[in-house]
Structure formats: C-alpha cells, structure tokens
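Line by line, the protein sequences give chains A and B.
Take the first sequence: its position 82, counted from the start at 1, is 131 in this note's numbering, and no numbers get skipped.
Take the second sequence: its position 217, counted from the start at 1, is 1149 in this note's numbering, and no numbers get skipped.
All C-beta atoms, glycine included, are put in the ideal place defined by N, C-alpha and C.
Quick notes on the structure that follows.
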Amino acid sequence: MSAEKRALVMIENVTRTFHRGAEDIHVLADLDLEIQEGEFLALMGPSGSGKSTLLNLIGGLDRPTGGRVIIGEHRIDRLNDRALAAWRARHVGFIFQFYNLLPVLTAEKNVELPLLLSPLSQAARRKHVQLALEVVGLSHRTRHYPRTLSGGEQQRVGIARAIVTDPTLLHCDEPTGDLDRKSGDEILSLLQALNQDYGKTIIMVTHDPHASARASRTVHLDKGRLSAEAPD
Amino acid sequence: MTHWFQQIVSVSLFNLRGIPQRKGSALSAIVGIAGVVLVLTGVLAISEGFKKAMTANGSADVAVILRGGSDTEMNSGLTREETRVISDTPGISRTSKGALTSAELFVIINLPKRSTGTDANVPFRGVQENAFNVRGKIRMVAGRRFETGKNEIIAGAGAARAFGGLDLGNKIRLGPNVWEVVGIFAAEGGIADSELWTDASVLQPAYHRGDTFQSVYAKLDSAGAYPAFEKELLANPRLNVKVSRLDDFYADQSKMITRFITSIGVFIAAMMAVGALFAALNTMYGAVSARTREIATLRALGFSAVPVIFSVLAESMALALLGGGLGAGAAWLAFDGYQASTMNWQSFSQVTFAFAVTPALLVQAIVWAAVLGLIGGIFPAIRAARLPISAALRAS
Chain A
50 MSAEKRALVM IENVTRTFHR GAEDIHVLAD LDLEIQEGEF LALMGPSGSG KSTLLNLIGG
110 LDRPTGGRVI IGEHRIDRLN DRALAAWRAR HVGFIFQFYN LLPVLTAEKN VELPLLLSPL
170 SQAARRKHVQ LALEVVGLSH RTRHYPRTLS GGEQQRVGIA RAIVTDPTLL HCDEPTGDLD
230 RKSGDEILSL LQALNQDYGK TIIMVTHDPH ASARASRTVH LDKGRLSAEA PD
Chain B
933 MTHWFQQIVS VSLFNLRGIP QRKGSALSAI VGIAGVVLVL TGVLAISEGF KKAMTANGSA
993 DVAVILRGGS DTEMNSGLTR EETRVISDTP GISRTSKGAL TSAELFVIIN LPKRSTGTDA
1053 NVPFRGVQEN AFNVRGKIRM VAGRRFETGK NEIIAGAGAA RAFGGLDLGN KIRLGPNVWE
1113 VVGIFAAEGG IADSELWTDA SVLQPAYHRG DTFQSVYAKL DSAGAYPAFE KELLANPRLN
1173 VKVSRLDDFY ADQSKMITRF ITSIGVFIAA MMAVGALFAA LNTMYGAVSA RTREIATLRA
1233 LGFSAVPVIF SVLAESMALA LLGGGLGAGA AWLAFDGYQA STMNWQSFSQ VTFAFAVTPA
1293 LLVQAIVWAA VLGLIGGIFP AIRAARLPIS AALRAS
C-alpha cells in the first residue's frame, strides 16, 4: 500500500432531516468525515444514531438535506437520479445484511446482475463472474439458487456481486448481522482480505464490536454527530 | 440502445420468473380477465353471428325492389303488372327463359320453438321458380324443391332445426291449408335459412293476397349495372318503387339489433372489466409489495426506474394476455357455431343464426385484455419506480 493515501470520501457539513407529518427529525447534524482510499472503516452507534443514513449518503442511495458529499472526483449530492444510479453502478459495491439476492437467479446470475449495466459482452461477463466467485471461494456453487445455500454462502454470493464490477468502494450494511459467529468471522476475514489484498475501500455499519475490531478505523455516531474515533 | 434494451429484458425476465411465487394472486387476475374476455367475446359472437346471418345472402349484383316508401317487405305491395315492368327493365340478367327475377310475397306464421315449445313468428315466403337462380346461394340438403301449384314447402335448415313440425315429409297446417315439407335447403347460414319457401302462386290465395306481391328480387348483369338499373326504375313513370342492393338491404335490417346486442355486450363486459381491473391492480400492487426489497436492490445496483416500470408492466401484460387467451379460447370452444334464434324487428319474425367467434373478435378480445393489463400494471409500476431505495432495501 502506498503511504500517500488520498481522501476518497469527503463528507462536509452534512445534515439530513426527515419529515414525519409536521415533525422534523434531524438524523445527521453538521457532520464532517473523511475516509482515505484503501481504508476499512467501521461505523458504530446505537439504533437511530444515523449510521445507516450516513452509509446511504456515501453509497448514493440518499441525498443530504445540506452539505456536500464528495466521493473521489464526484460531488454526488448534486447528481440527478439517473446519473446517481449510473455512478452507483460504476463505483459502489453493495453488501446487505439480508444478502438481497434474487431468489429466481442462480448464484452466478446474481453475481452477473451489476455487469448487465456495463457494455461487456456475455463472454466477458462470464469471466468476471467466475473470477468474483473464485475470490469468495464459491466457484463450486455457481449453479445453485440462493434457497439451496447457507446464510454464509449467500453472503459470499452477495460479496461476489459487490466486487464483480471492481468498484471504488464497498458499502456494507451489517454484513454479519444475519449470520452465526463462525460464518460471520469468515465473512469478516473475506472483507479484510478484500481490503488488504485487493486495496478495496470498505465502509461497514455494524453493531458488533467483534466485527468493528477487524476494521482499520472505527467511527462512533450518537444522535447524528461523531462522538469518538477509535483508530486501529 | 442494446445495453438499455438488455436491462429492460433482463429485469422483466427476473420478474416473470417470479410469478410462480405469487401464483394465488396471479391466478385471480388471470381468471378475472379471462371472465371479462369470455363474456365480451360471447356477447359479441351473438352480434357477429346475427350480422353474418343477415348479410350472408347479400349480393352486390342482386337488387330488391319494394313499393316506394317501404322499409321492409312487410309494408310493401306490388301488382303483377308492376313486377312485369320491373322484369323488363334493362340491366337484369337474362336466360333463354327470360329475366332472372323472382316476384315474392312474405307472410308470417306461428310455429312452436323446439327448445321451449312456445310459438314464434316464422317467415313464410312465396317465391317464383327463378328465386334459386337469383340468389344463387341456395342448395337442397334433403328432399327436393317444391312443385309449382302444390301445397308443398321447403324449409331453411335453420328453421327446420329451430321450429317444430318442419321435419322432412311432415305435414303441417298453416292457415286454412295443410302443407307437406318436401325439402330442406341451406343458404350458407344466411337469412333464408330461417325461412319457409313455397310457390308464390299457391301462397297468394292461401293468404288472400289476390294477385299481388311484396317484392321483386332481380339478378343484374353485374354489380356495376346497379346504378343505371336503379336510375331506370326510379325514372319510370309507371312505377313508384324503392330499389336497394340486396347486401345493403340486409345490412340495414341487421343494424338495429346488432347495435343493441353490441351495446349490451360492451356494457356487461365493461362492468366486469372494472372488477377484473381491480383484481389486476390488487395483484400487481401485491407483486410490487412482495418484490419491494428485490426492486430496491436492483435500483441500488444501478438499474434505473425505466426497466423496473417495464418489468411490472411485463408481468401485468403477461397475466392479462394469458387470461385473455384463456377467455378467448373458452369463448371459441363454448360459443362458436352455437345455434340460436332471435326476433328480427324489421320483419317481426325469427332469424336463426349461429354464434360467430371470428378471428377479428378474438383479436379484439385480446386487445381488451392487454388494455386491462396495461391499466392494471401502470400504477403499481409507477409505485415500484418511486420506492425510496434506502428504506425499501430493509423491507421484510
């Protein structure tokens, strides 16, 4: 890894307010955060602290009420829906707590999904899919449907889907939240390997201190503000 | 563009492959739409069959001549002298035996319906020898033609099927006389199929009509000869007549009843369509709800709203077309060729006809189904496209 890392994610003065009837709910307030390229950042905090909201802003799934969200060269809070969707397809790999695989598709077809948004040929897509499944150790389960896979295996498919486009950052929302300790450990080891061996920048929301211990930095949120940072 | 199209096709296929997981609601939409199509096709098949019966015997090169001011044969009257003048008019096809015309009279008799036993008005037509050649679409299917001067009748196949007493060889009392059924004829499902025919010169005295007729049917040299023929008749000071091409004459007669049946059919089907539409909407809202997380996942991965909209529409159209196909198929099996009779209000007599589920009708039914599918899918599709991604990703 290079010693001269640059900031990949810059959150500047970000606020996020939700409206429920006449009530305004301020989830994030004047938040500033920088994440370096190649970092494995854990976002922790109690329920309602705003960690998932922050993750969604970084992943381009939501827009801030105020402030700036800059990822690499792109100020994504200013992109329209279509441009934001295209940006997500190119730059973000999503890993979800409940895997979010399409039940009607086999493991390899699920992994291929993001590539359908690229101009790659079918043969090239197949090659990428095989490689991604090899990285997560599931090259022997390519034709299996999600219902025939264990939770840990389904999450591996989810990770393969997230990395198949070689994205800039991996967006992980409680990736071990639905797994037993052993499977969770395997997933965390895989994420760590993706960070250390492949240089992937990872942002992971978790409640689990055991999971956050695998990250290179942990950020705590409380009531929409950064409360503490715990370096590796 | 290929890339864009590929997105739409891929997402639509994922959706279609998920239908078996929602088979209960999918089935209710299919059955609802099939019901609408079945009823609509069934009712329109009546209208279509009636129209066919009324127009099958029409010809552009046959003219029918009534007294001036008459709309139907019922209120027309022509003397023998007038029918001779008509027969002498240029433009009529001629053989060695003379002009191809048939002066006819038309009375209504009562016969019991075979289906209910209740009396029905049946048209009884007196014709001249040339009637067969003038119409050209009449063929005997049993027995023989009636003989001139005898109380013999031949019955149209539809009439023989629908009304009692018209079996071959049977003798029936009509008015003061007894008549023998000596033949059954077919007229390609046209209006003549509903009639009884006899010799006009026998029918005249039997029903006290003197030496009068009600219409003249004339075979013209060609369809193109009609305008000159009509002009000649209308300009003749010895005549006061109304002239029509036979196909126009029958089409006019069928207009009122086909409009009535079509209106009733469309009204009933529209009422049912409202119900089916709600079933389709419910199904598709349910499908979108069941797929909330799936749709949000696709959107998160970078699929735009358009493929999602298309995927929901593809599902609703697939269900609708399946329902439409089933309904149309069932209608064809159940109704096509079904024999019935109804009142022709122009002549106050029964017309027998067969329900006709035509290819055009089937296409129309499928279009109806597709429209139902489109409307049933569009609002759920818009909802699917507007799902807030971050919240929908966590939907259970």
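Could you check whether the Cβ of residue 270(A) sits closer than 7 angstroms to any Cβ belonging to chain B? On the first sequence, position 221 is the one that residue 270(A) refers to. So, not an interface residue.
Compute the distance between the beta-carbons of residue 1189(B) and residue 982(B), then report whether it is under 7 angstroms. Residue mapping note: residue 1189(B) aligns to position 257 of the second sequence, counting from 1. Residue mapping note: residue 982(B) aligns to position 50 of the second sequence, counting from 1. Using a Cβ distance threshold of 7 angstroms, residue 1189(B) and residue 982(B) count as a contacting pair.
Under 8 angstroms by Cβ, that's how I've got residue 1041(B) and residue 1059(B) pegged, so tell me the actual separation to the nearest angstrom. Reading the second sequence from its first residue, position 109 is the one you call residue 1041(B). Reading the second sequence from its first residue, position 127 is the one you call residue 1059(B). In fact, because the Cβ distance is near 15 angstroms, the residues do not count as touching under 8 angstroms.
Per DSSP, which one or two residues make a beta bridge with residue 74(A)? Sequence index remark: in the first sequence, residue 74(A) carries index 25 (1-based). Partner(s): 67(A).
Run through DSSP, which three-state label would residue 103(A) get? Indexing the first sequence from 1 puts residue 103(A) at position 54. In this structure, residue 103(A) counts as helix in the three-state DSSP scheme.
Can residue 1118(B) and residue 1087(B) be called in contact, C-beta distance under 7 angstroms? The residue given as residue 1118(B) occupies position 186 in the second sequence. The residue given as residue 1087(B) occupies position 155 in the second sequence. Not in contact: residue 1118(B) and residue 1087(B) (Cβ atoms no closer than 7 angstroms).
Residue 50(A) - DSSP class collapsed to helix/strand/coil: Working through the first sequence from its first residue, we reach residue 50(A) at position 1. For residue 50(A), the predicted model reports a pLDDT of 44, less than 50, meaning its position is unreliable; a value from the coordinates is still stated below. Reduced to three states, the DSSP call for residue 50(A) is coil.
Please list, in chain order, all residues of the same chain as residue 914(B) whose beta carbon is under 6 angstroms from its beta carbon, the five residues on each side excluded. Past the boundaries of the shown model lies residue 914(B); chain B is included only from 933 to 1328, so the question cannot be answered.
Which word fits residue 1195(B), buried or exposed, when buried means at least 16 other C-beta atoms lie within 10 angstroms of its C-beta? The residue you call residue 1195(B) lines up with position 263 of the second sequence. Exposed is the call here.
Tell me the rounded alpha-carbon separation between residue 50(A) and residue 248(A). The residue given as residue 50(A) occupies position 1 in the first sequence. The residue given as residue 248(A) occupies position 199 in the first sequence. Summary for residue 50(A): the model assigns pLDDT 44, below 50, so the residue's position carries little reliability; its value from the coordinates is reported in the next sentence. Spanning the two alpha carbons is a distance of roughly 8 angstroms.
Which value, in whole angstroms, describes the spacing of the CA atoms of residue 973(B) and residue 1258(B)? Against the second sequence, residue 973(B) aligns to sequence position 41. Against the second sequence, residue 1258(B) aligns to sequence position 326. Cα to Cα, residue 973(B) sits roughly 12 angstroms from residue 1258(B).
So is residue 1243(B) in contact with chain A if we call contact Cβ pairs under 7 angstroms? Mapped onto the second sequence, residue 1243(B) falls at position 311. It does not: the Cβ of residue 1243(B) has no partner Cβ on chain A nearer than 7 angstroms.
Using a Cβ-Cβ distance under 7 angstroms, would residue 1229(B) count as near chain A? Here residue 1229(B) is taken as the residue at index 297 of the second sequence, counted from 1. Answer yes: the Cβ-Cβ gap between residue 1229(B) and chain A drops below 7 angstroms somewhere.
CB contact check: residue 129(A) to chain B, cutoff 7 angstroms: Numbered from 1 along the first sequence, position 80 holds the residue referred to as residue 129(A). No, residue 129(A) lies away from the interface with chain B (no Cβ there is under 7 angstroms from its Cβ).
Give the residues from the segment 944 to 964 of chain B that approach chain A closer than 8 angstroms (Cβ to any Cβ), ordered along the chain. 946, 949, 950 and 953
Secondary structure, alpha helix (DSSP H): runs of 4+ residues fully inside the segment 228 to 281 of chain A: 230 to 245 and 258 to 261
Determine which residues of the segment 134 to 168 of chain A have a Cβ less than 7 angstroms from any Cβ of chain B, and write them out in chain order. 134, 135, 137, 138, 143, 145, 149, 151, 153, 154, 162, 163, 165, 166 and 168
Relative to chain B, which residues along the segment 89 to 123 of chain A have a C-beta separation below 7 angstroms, given in chain order? 105, 110 and 111
Per DSSP, the bridge partner or partners of residue 1087(B): What you label residue 1087(B) is simply residue 155 of the second sequence in a count that begins at 1. For residue 1087(B), which the question treats as bridged, DSSP gives the partners 1116(B) and 1128(B).
Does any C-beta atom of chain A lie closer than 7 angstroms to the C-beta of residue 940(B)? As a position in the second sequence, residue 940(B) is number 8, starting the count at 1. At a cut-off of 7 angstroms between beta carbons, residue 940(B) makes no contact with chain A.
For chain C, find out if any of its Cβ atoms is closer than 7 angstroms to the Cβ of residue 1234(B); answer yes or no. This model lacks chain C altogether, as its protein chains are A and B.
When you compare each of 991(B), 985(B) and 1269(B) to residue 1156(B) by their alpha carbons, which one comes out closest? As a working note, residue 1156(B) is residue 224 in the second sequence. Measuring from the Cα of residue 1156(B), the nearest candidate turns out to be 991(B).
If you measure between the beta carbons of residue 89(A) and residue 242(A), is that distance less than 7 angstroms? Taking the first residue of the first sequence as 1, we reach residue 89(A) at position 40. Taking the first residue of the first sequence as 1, we reach residue 242(A) at position 193. No, the pair does not count as a contact, with Cβ atoms beyond the cut-off.
So is residue 939(B) buried or exposed if we call it buried at 16+ other beta carbons inside 10 Å? In the second sequence, the residue the question calls residue 939(B) occupies position 7. Buried, by the Cβ-count rule.
Count the other CB atoms within 10 Å of the CB of residue 113(A); is the residue buried (16 or more) or exposed (fewer)? On the first sequence, position 64 is the one that residue 113(A) refers to. Classification of residue 113(A): buried, given that the 10 Å Cβ count is 16 or more.
Report the option in 1056(B), 1112(B), 1120(B) and 1327(B) whose CA atom is closest to the CA atom of residue 1073(B). Here residue 1073(B) refers to the residue found at position 141 when the second sequence is read from its first residue. Ranking the options by Cα distance to residue 1073(B), first place goes to 1120(B).
I think residue 149(A) touches residue 1229(B), with their Cβ atoms under 8 angstroms apart; what is that distance to the nearest whole Å? Along the first sequence, read from residue 1 onward, the residue named residue 149(A) stands at position 100. Along the second sequence, read from residue 1 onward, the residue named residue 1229(B) stands at position 297. Their Cβ separation, rounded to whole angstroms, is 4 angstroms, which keeps residue 149(A) and residue 1229(B) in contact under 8 angstroms.
Measuring alpha carbon to alpha carbon, tell me which residue in 1293(B), 1239(B) and 971(B) is nearest residue 1197(B). The residue given as residue 1197(B) occupies position 265 in the second sequence. With distances taken between Cα atoms, residue 1197(B) lies closest to 971(B).
Straight-line CA distance for residue 144(A) to residue 1233(B)? Taking the first residue of the first sequence as position 1, residue 144(A) is located at position 95. Taking the first residue of the second sequence as position 1, residue 1233(B) is located at position 301. So the two alpha carbons sit approximately 10 angstroms from each other.
Using 8 angstroms as the cut-off, can you tell me whether the segment 943 to 950 of chain B makes contact with the segment 112 to 129 of chain A, which would need three or more C-beta pairs spanning the two stretches below that distance? no
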